[in-house]
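First comes the structure, then the notes that go with it.
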């Protein structure tokens, strides 16, 4: 191989080495800073292809997307000095690459640890000024809003990150007090249930008494009306009988005698002792009932 070819190969190899070590790419999902002997000289590298001087410049890349830091559940005390276990998480992204690199050395895990500590401190302060009722339901949304507002400035100035959102996932009572709280809640619910049952029983007794009274009144009115109708019917029957019998008194006397004979001799072996000249045998002596 001639010296010319050797020189050409060396030049090509040098160009390849310079290209591989001098060119770099910043993706759309990345943020980066350009360093010169460890000092930040360009804090905001734009996405695309860039050039750096090997051995002089260095590039640190960070994830530019929204990241999540999931804090460990911590015990906080409310305004009444009651302990609560609060589990939370936060969404953040790098906003100031130079400050982020200076504060965390470009390590996302380090940034998450620092942010988690500040979130816990903020939650401790926010829970301490509220009651259990306010933390659990009454002002839970406001707590997260206040926490995000108070932490956002700190996160920007100290860590170079923007706090997108802070959320409380779960709020529990500590295991050492939850049992007593549950027992007290059960006792309160049982007391409330007994009160409701007694009120229901009292109302039911009132309804039964009113229904019984109404039934008695209805029966009395019905009996009165029935007796009145029965009396009117008996009176009408008596009037009809009287008019019928007045038309033929002799026939009426005859039918009454037949009925008396039927009732007197309805049984077997009956014995009847009467005077021979008794009116009982009036129509047996003569069909006309003559004396």
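Residue numbers (the UniProt record's numbering): 1 to 291. Ideal placement from N, C-alpha and C gives every residue a C-beta, glycine not left out.
Does DSSP put residue 292 in a helix, in a strand, or in coil?
Residue 292 lies beyond the range of the chain shown here (1 to 291); nothing can be said about it.
Please tell me whether residue 66 and residue 164 are closer than 9 Å, where the distance is taken between their beta carbons.
yes
By how many angstroms is the C-alpha of residue 78 removed from the C-alpha of residue 85?
11 Å
Exposure label - residue 161; buried when at least 16 CB within 10 Å
buried
If distances are taken between C-alpha atoms only, which option among 204, 87, 194 comes closest to residue 173?
Here the closest residue by C-alpha is 87.
By the three-class DSSP mapping on this structure, what secondary structure does residue 141 have?
helix
Taking residue 100 as part of the alpha helix (DSSP H), name the residues at either end of that continuous run.
97-104
What is the residue span of the beta strand (DSSP E) that residue 162 lies within?
For residue 162, the enclosing beta strand (DSSP E) has its first and last residue at 161-172.
Does DSSP put residue 64 in a helix, in a strand, or in coil?
coil
Use the C-beta contact count for residue 71: other C-beta atoms within 10 angstroms, 16 or more gives buried, fewer gives exposed.
buried
Could you work out which residue in 240, 73, 80, 33 is closest to residue 95 when comparing CA atoms only?
33
To the nearest angstrom, how far is it from the Cα of residue 291 to the Cα of residue 227?
Annotation note: pLDDT 49 at residue 291 (below 50); position unreliable, no value reported.
Classify residue 147 as buried or exposed, calling it buried when 16 or more other Cβ atoms lie within 10 Å of its own Cβ.
Buried, since its Cβ has 16 or more Cβ neighbours within 10 Å.
Taking 8 Å as the cut-off, does the stretch 182-189 touch the stretch 136-143 (at least 3 CB pairs, one atom from each stretch)?
no
What residue does the beta strand (DSSP E) around residue 31 start on, and which one ends it?
30-36
Here's the rule: buried if 16 or more other CB atoms are within 10 angstroms of the residue's CB, otherwise exposed. What is residue 101?
That one is buried.
Applying the criterion that 16 or more other CB atoms from any shown protein chain within 10 Å of the CB defines a buried residue, is residue 37 buried or exposed?
exposed
When the cut-off is 9 Å and only beta carbons count, does residue 241 lie next to chain D?
Absent from the structure: chain D. Only one protein chain is present.
Taking residue 121 as the reference, which of 193, 130, 189, 150 has the closest Cα?
150
Could you tell me how far apart the beta carbons of residue 69 and residue 55 are, in whole angstroms, since I believe they sit closer than 8 Å?
36 Å between Cβ atoms; not a contact.
Buried or exposed, going by whether 16 or more other CB atoms sit within 10 Å of the CB of residue 166?
buried
Classification of residue 29 by the beta-carbon crowding that lies within 10 angstroms, buried from 16 upward:
Label assigned to residue 29: exposed.
Between residue 104 and residue 129, what straight-line distance do the alpha-carbon atoms span, to the nearest angstrom?
32 Å
Option nearest residue 170 by Cα separation, candidates 232, 214, 136, 259
136
Cβ neighbours of residue 64 in the same chain (closer than 7 Å, five flanking residues each side left out):
29, 30, 31, 93, 94
Quick check on the burial criterion: 16 or more other C-beta atoms within 10 angstroms. Buried or exposed for residue 168?
Answer is buried; the Cβ neighbour count reaches 16.
Under the DSSP definition of a beta bridge, which residues are partnered with residue 48?
26
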